[in-house]
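Chains as they are written, first to last, in the working numbering: chain A, 450 to 652; chain B, 56 to 406.
Every residue, glycine too, gets a C-beta built ideally from N, C-alpha and C.
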Amino acid sequence: METILFYFFSAFMVLSALMVITVHNPVRAAFFLVLTFFASAAVWLLLEAEFLAVILIIVYVGAVMVLFLFVVMMLDINITELKAGFVKNLPIAIAVALAMFGTIYYVVGGDQFGVEHFATPDRHAADYSNIAALGKLLYTEYVFAFEIAAVILLVGIVAAISLTLRRRPNTRHQKIEDQIAVKSEDRLRVVEMAPHARKGERK
Amino acid sequence: MLDLILSIYEIPVINILVKIVAILVPLLLTVAYFTYLERKVIGYMQVRIGPNRVGPRGWLQPIADAMKLMFKEIIFPSGANRVLFIIAPTIAISTALAAWAVVPFGAEMVLADINVALLYILAMTSIGVYGVILAGWSSNSKYAIMSTLRTAAQVVSYEIAMGFALVGVVMAARSLNIGDIVQGQSGSGILGWYMWPLLPLFVIYFVSGVAETNRAPFDVAEGESEIVAGFHVEYSGILFAIFFLAEYANMILISVMAALLFMGGWLSPFAEVSFLGLGSSFLAGSSIIWLISKTIIFMFLFLWFRATFPRYRYDQIMRLGWKVFIPITIVWIYVVGIMYYAELAPWFIKG
């Protein structure tokens, strides 16, 4: 049963990953990328890494790809223009693809990190908690790496905001803090005046 | 005969299917009568009568509405992507219903008792955004896609505040399992509920939930008084009804989660309370009736909000989410950390 599920989701993942790079419409390519993430989350579930699988869906499917789709949907992409440089860029593309393949082969297939170097992971009991195990490792053994990663992310956020922040003082926009701080005396003046008859009114 | 039925029930697949039906049928009936209740409650709040023509006191109104929508023609806009046009409402309803798999209704009454239940529910709501995005994009309509961008931006923004609010709950309960979170609130009746130490997070969770489900006062996606509809403007018939169903199922989900995470779920407010001997009366027992009545409070709040508050403007919605809610939640997470180390009774005592 598990093997069938593994091959089903793996085939699903490979197929949708292929569709990402072959489909012409960029929005559809993004949707296929979502399917790829989904299938890989399912494969991680089979590895008993339920925390990572759910985080993959929340972060990549729920946040990153949504923002990605925003950008792709808003852009006016000319598909013929995209296809134009295909032949010209082909040699570079082949070189990059070969380099990528070589690295992947070195990591996965070669003598260094191949599957045969590792024992099959033990099957855990039903009460095994992936989150507790991960938390213990992250906050004890790898706490410095974890904190450094957090600081780097924070720097990234600050950098991204400071790069895109433009102050435009001349635009007409609301200052909400001023609006909240306003008092009725600032806006309303109660005037006392003597009553007087209007023209044509009977007295 | 009974033995035969019991032996069939023992087959795992059948067992799970029966449980799924036992959750979904009452849920869908609740959704149907929630729409009726909404129209009646808002009617009374606005000194009207509400639906009263179909059946006694209008009780058959939701069934009549469902029939009408089912027999209406489904219109595909020209140039629409037909496959995605149908997949969009399917994603909306399937994520809204799939989230119910991990919702416990009692100490033992849960379909899937998983460790990452809370994250699973967040994941399901975040996949639900794709229903909106696909609907707007596949309709091949400018209005639909503009509304898609607004709705999706709103949902994604409030998801962050909601996630931070849940971090406080997870810190207090030291678990992501909803059953454990409810158990963490037991021991001292109404005072033991997490809504007291986590009051700001509780308010933010529920308001973010209202914004996530695109309900009033955050319903810019379908402001009935100003625009026709939002991302589902091109949908008709049963496909529109499915979006509607998903929205209401999500509202009930937000309500039941608020009851479970902050108000002790199925625990009785009178448990172990010495006042007037309530702690030893029949009221102190924990049961699903407590969970349902707490959920109904929140479901009623959804309707009350809609009848009371004027609609937020879009930039105000974004300001509230990013500049008010997220800073408050981050500050309160630090406060929860302090309470955690102080082992503040009765919520943060380490077991």
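Pairing CB atoms from the segment 472–479 of chain A with CB atoms from the segment 491–502 of chain A, are three or more of them under 8 angstroms?
no
Who are the Cβ neighbours of L501(A) in its own chain at under 6 angstroms, not counting the five residues just before and after it?
Here residue 501(A) refers to the residue found at position 52 of the first sequence. Within the same chain, L501(A) has close Cβ partners W493.
For R615(A), count the other beta carbons within 10 Å of its own beta carbon; 16 or more makes it buried, fewer makes it exposed. Which is it?
Within the first sequence, the letter at position 166 stands for residue 615(A). The residue is exposed, with fewer than 16 neighbouring Cβ atoms inside 10 Å.
Using a C-beta to C-beta distance shorter than 8 angstroms, which residues of chain A count as neighbours of L204(B)?
Within the second sequence, residue 204(B) is the residue found at index 149, counting from 1. Those are F519, M522, M523, listed as they occur along chain A.
With 8 angstroms as the C-beta to C-beta threshold (strictly closer), list the residues of the segment 562–583 of chain A near chain B in chain order.
S578, N579, I580
Could you tell me if A609(A) is buried or exposed, where buried requires 16 or more neighbouring beta carbons within 10 angstroms of its beta carbon?
Counted from its first residue, the first sequence places residue 609(A) at position 160. Its Cβ having fewer than 16 others within 10 Å, A609(A) is exposed.
I343(B) and M125(B) closer than 9 angstroms at C-beta
Locating residue 343(B) in the second sequence gives position 288, where the first residue counts as 1. Locating residue 125(B) in the second sequence gives position 70, where the first residue counts as 1. Contact flag unset, no.
The segment 490–501 of chain A: which residues have C-beta closer than 7 angstroms to a C-beta of chain B, in chain order?
E499, F500
I need the boundaries of the alpha helix (DSSP H) containing R137(B), first residue and last residue.
Counting from one through the second sequence, the residue named residue 137(B) turns up at place 82. 137–153 is the span of the alpha helix (DSSP H), which, as asked, contains R137(B).
Which class does G242(B) belong to by DSSP, given the choice of helix, strand or coil?
Position 187 of the second sequence holds residue 242(B). Note: G242(B) maps to coil in three-state DSSP.
At least one CB of chain B closer than 9 angstroms to the CB of V600(A): is that the case?
Indexing the first sequence from 1 puts residue 600(A) at position 151. No - not a single Cβ of chain B is within 9 angstroms of the one on V600(A).
Residues near P132(B) in its chain [Cβ-Cβ closer than 7 angstroms; skip 5 each side]:
Taking the first residue of the second sequence as 1, we reach residue 132(B) at position 77. Counting only Cβ-Cβ distances below 7 angstroms, and skipping sequence neighbours, we find S194, N195, S196, E289.
Interface residues of chain A around N170(B) at Cβ under 8 angstroms?
Against the second sequence, residue 170(B) aligns to sequence position 115. Here the neighbours are E499, F500, S578, N579, I580.
What span of residues does the alpha helix (DSSP H) with Q116(B) cover, start to end?
For the purposes of this step, residue 116(B) is taken as residue 61 along the second sequence, with counting starting at 1. Where Q116(B) is concerned, the enclosing alpha helix (DSSP H) stretches over 116–126.
Look up E289(B) in the DSSP assignment and say whether it is helix, strand or coil.
Here residue 289(B) refers to the residue found at position 234 when the second sequence is read from its first residue. The answer is coil: DSSP assigns E289(B) none of H, G, I, E or B.
My assumption, with CB atoms under 8 angstroms, is that F380(B) sits in contact with A313(B). Please give the rounded CB distance.
Position 325 of the second sequence, counted from the start, is the residue given in the question as residue 380(B). Position 258 of the second sequence, counted from the start, is the residue given in the question as residue 313(B). Actually they are not in contact, since the Cβ atoms of F380(B) and A313(B) sit about 15 angstroms apart, beyond 8 angstroms.
Same chain, Cβ closer than 6 angstroms to I385(B), neighbours up to 5 away in sequence not counted
One-based indexing of the second sequence puts residue 385(B) at position 330. Contacts found: none.
Status (buried if at least 16 other CB within 10 Å, exposed otherwise) for D274(B)
By one-based count along the second sequence, residue 274(B) stands at place 219. Counting Cβ neighbours within 10 Å, D274(B) comes out buried, since at least 16 surround it.
May I ask which residues mark the beginning and end of the alpha helix (DSSP H) holding V86(B)?
The residue given as residue 86(B) occupies position 31 in the second sequence. Here the alpha helix (DSSP H) through V86(B) covers 67–100.
Is R477(A) helix, strand or coil when you go by DSSP?
Position 28 of the first sequence, counting from 1, holds the residue named residue 477(A). In the structure shown, R477(A) sits in a helix (DSSP, three-state: H, G or I).
Kindly say whether A512(A), judged by its beta-carbon, lies nearer than 9 angstroms to any beta-carbon of chain B.
Walking along the first sequence from the start, residue 512(A) turns up at place 63. Chain B, which has a Cβ nearer than 9 angstroms to the Cβ of A512(A), makes this yes.
Segment limits, alpha helix (DSSP H) that includes R374(B):
Here residue 374(B) corresponds to residue number 319 of the second sequence, with the count starting at 1. Segment 369–374, the alpha helix (DSSP H) holding R374(B).
If we cut at 9 angstroms on Cβ distances, does Q209(B) have a partner in chain A?
Position 154 of the second sequence, counted from the first residue, corresponds to residue 209(B). With 9 angstroms as the cut-off, Q209(B) does not count as an interface residue toward chain A.
Simplified DSSP assignment, three categories, for W251(B):
Against the second sequence, residue 251(B) aligns to sequence position 196. Reduced to three states, the DSSP call for W251(B) is coil.
Which first and last residues belong to the alpha helix (DSSP H) in which E660(A) is found?
Beyond the ends of chain A as shown, which are 450 and 652, falls residue 660(A); an answer cannot be given.
Name the two residues that bound the continuous alpha helix (DSSP H) containing R361(B).
The count along the second sequence starts at 1 and reaches residue 361(B) at position 306. It spans 343–363 - the alpha helix (DSSP H) in which R361(B) sits, taken as one unbroken run.
Expressed to the nearest angstrom, what Euclidean distance is found between the alpha-carbon atoms of F567(A) and E302(B)?
Translated into positions along the first sequence, residue 567(A) becomes position 118. Translated into positions along the second sequence, residue 302(B) becomes position 247. C-alpha separation (whole angstroms): 48 angstroms.
Taking Cβ-Cβ distances shorter than 7 angstroms, what residues in chain B pair up with V503(A)?
Taking the first sequence and counting its residues from 1, the one referred to as residue 503(A) is at position 54. Correct list: V171, L174, Y175, A178.
What's the gap between the Cα of G511(A) and the Cα of T485(A)?
Numbered from 1 along the first sequence, position 62 holds the residue referred to as residue 511(A). Numbered from 1 along the first sequence, position 36 holds the residue referred to as residue 485(A). For G511(A) and T485(A), the distance between alpha carbons rounds to 13 angstroms.
Tell me the rounded alpha-carbon separation between M642(A) and Q628(A).
On the first sequence, residue 642(A) is found 193 positions in, with the first residue counted as 1. On the first sequence, residue 628(A) is found 179 positions in, with the first residue counted as 1. Between M642(A) and Q628(A), the C-alpha separation is close to 30 angstroms.
Within its chain, find whatever has a CB closer than 8 angstroms to the CB of N579(A); leave out the 5 residues flanking it on each side and keep chain order.
Against the first sequence, residue 579(A) aligns to sequence position 130. Excluding sequence neighbours, N579(A) sits near E497, A498, E499, F500, L501.
Applying a beta-carbon distance threshold of less than 9 angstroms, which residues of chain B neighbour V592(A)?
As a working note, residue 592(A) is residue 143 in the first sequence. In chain order: nothing, as chain B lies at least about 16 angstroms away.
Reference W345(B); option with closest CA among M373(B), V109(B), G161(B)
Within the second sequence, residue 345(B) is the residue found at index 290, counting from 1. Considering only alpha carbons, the answer is G161(B).
Out of Y369(B), G292(B), L92(B), A156(B), which one is the CA nearest neighbour of L358(B)?
Taking the first residue of the second sequence as position 1, residue 358(B) is located at position 303. Measuring from the Cα of L358(B), the nearest candidate turns out to be L92(B).
Between which two residues does the alpha helix (DSSP H) carrying D635(A) extend?
Reading the first sequence from its first residue, position 186 is the one you call residue 635(A). It spans 633–636 - the alpha helix (DSSP H) in which D635(A) sits, taken as one unbroken run.
So, is the C-beta of R137(B) closer than 9 angstroms to a C-beta in chain A?
Position 82 of the second sequence holds residue 137(B). No, its Cβ sits nowhere closer than 9 angstroms to a Cβ of chain A.
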